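Residue numbers (the numbering used here): 35 to 174.
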């Protein structure tokens, strides 16, 4: 993982070893914290989804939370183990996950350590090609 420090105008390398048995991963930023969201399994097949946070000046990933089993089964079934379809974004206190082939969004609330599904958007037709496009916006 590489990063660019805007204040110092220089590149840096994050030396934290990645968690074992990762089958897919996404990086998200919430506030000043970097998180790793990833599938864990074997032979390229995820059996669980975890959230980790980068700690100790970028030297270690610490487990934050595991996606509950029933939600995980639904999410992984939706993606058909095609992890390129997974989109993930961090915003303030939330980490959001979705799959381009499904009209629902899975949300993790960091402060409460809770997962939930957002209701389907009523403005998207049932047979639409979903492919959510994400952006993070905080009006001041």
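Note that beta-carbon positions come from the ideal geometry of N, C-alpha and C, so glycine has one too. The model shown is predicted, which means the values in this text are computed figures rather than measured ones.
Margin query: Going by the DSSP bridge assignment, what does residue 148 pair with across the sheet?
Written below: On the chain shown, position 114 is the one that residue 148 refers to. Looking at the DSSP assignment, residue 148 forms a beta bridge with 143.
Item checked: Range covered by the alpha helix (DSSP H) that runs through residue 47 -> Counting from one through the chain shown, the residue named residue 47 turns up at place 13. Where residue 47 is concerned, there is no enclosing alpha helix (DSSP H), although the beta strand (DSSP E) it sits in stretches over 44–47.
Check: Just reading off the beta strand (DSSP E) that residue 61 is part of, what are its end residues?
Finding: Residue mapping note: residue 61 aligns to position 27 of the chain shown, counting from 1. For residue 61, the enclosing beta strand (DSSP E) stretches over residues 56–64.
Note to self: Considering just the uninterrupted stretch of the alpha helix (DSSP H) at residue 104, what are its terminal residues?
What the structure shows: By 1-based counting over the chain shown, the position of residue 104 is 70. Its alpha helix (DSSP H) spans residues 103–113.
Item checked: Distance between residue 134 and residue 114 (C-alpha atoms, nearest Å) -> Reading the chain shown from its first residue, position 80 is the one you call residue 114. Reading the chain shown from its first residue, position 100 is the one you call residue 134. Spanning the two alpha carbons is a distance of roughly 11 angstroms.
Checklist line | Cα-Cα separation, residue 56 to residue 172 | finding: Translated into positions along the chain shown, residue 56 becomes position 22. Translated into positions along the chain shown, residue 172 becomes position 138. Their Cα atoms are separated by approximately 31 angstroms.
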